[in-house]
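Quick note, in the working numbering, the sequence shown goes up one by one and the last residue is 229.
Notes follow the structure.
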Amino acid sequence: MKMYKLVALLSIGFSSLLLTQCKSTVVSDTQQTMVLSQPAFASSPAYYNTYVAGMAQGGSGIEFYLDIEALEANVVLENVYFRESVGKIMRGSDNYVARFRTDQGVNQDVVMSDNAEDEAVNTPPVQKDAFPFILSPSEAGITYRDNGVLKYAKIANVVEKETKAYPSQKPRGGRN
């Protein structure tokens with residue numbers, strides 16, 4: 054009887070280990086149902102550079118550029134997903150650009166106290182949305198609308214350019 058209980062207990066334990074998944078293997082519903090399209094702009098050159106502001110409050114981040122020669126009138130670019138960050142795509146003078154802050158909360162004061170009311174002034178962490186793409190470090194994901202329909206595309210071979218260090222303020226006077 055003892056042997057039967059031991060075998061049953063080991064079987065249940067082993068089965069529970071086999072049926073348990075690691076959190077890292079969970080894929081979001083969006084990733085499972087997402088269909089990647091291949092629009093013409095997906096083969097456009099893309100690059101990024103990191104930047105550092107000259108003032109402590111200026112921060113640091115990533116500027117992502119997408120050189121698109123012509124975009125169809127019915128296509129609207131929405132967001133770029135890059136390096137675990139999401140940025141809104143905006144039209145620049147000769148390309149499209151998205152900016153990501155990478156220093157969010159670095160200098161944020163946190164109140165630690167035994168009294169919960171004292172800690173109520175702390176800003177709660179912002180939960181990130183589910184990332185709809187599985188990307189390598191040199192890939193970016195794009196969400197866009199084609200005739201109002203949400204679509205997804207991947208941009209491969211994103212190139213890193215030189216870091217930009219912005220000055221603390223613009224030069225004054227007539228000389229540059």
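Beta carbons: idealized from backbone N, C-alpha and C, even for Gly.
- Taking all protein chains in view, the Cβ of LEU63 is surrounded by fewer than 16 other Cβ atoms within 10 Å, so the residue is classified as exposed.
- Boundaries of the beta strand (DSSP E) harbouring ALA151: 149-154, taken from the DSSP string.
- At the C-beta level, THR155 and SER113 come within 7 Å of one another.
- Put simply, of ARG144, ILE187, ASP171, ALA126 the residue whose alpha carbon is nearest the alpha carbon of GLU137 is ILE187.
- The three-state secondary structure of PHE135, taken from DSSP, is strand.
- Taking a C-beta distance under 7 Å as the contact criterion, ILE208 and ALA99 qualify as a contact pair.
- The DSSP-derived three-state label of ILE115 is strand.
- Leaving aside the five residues that flank TYR104 on each side, the residues in its chain whose CB is nearer than 8 Å to its CB run, in chain order, SER113, GLY114, ILE115, GLU116, THR216, LYS217, ALA218, TYR219.
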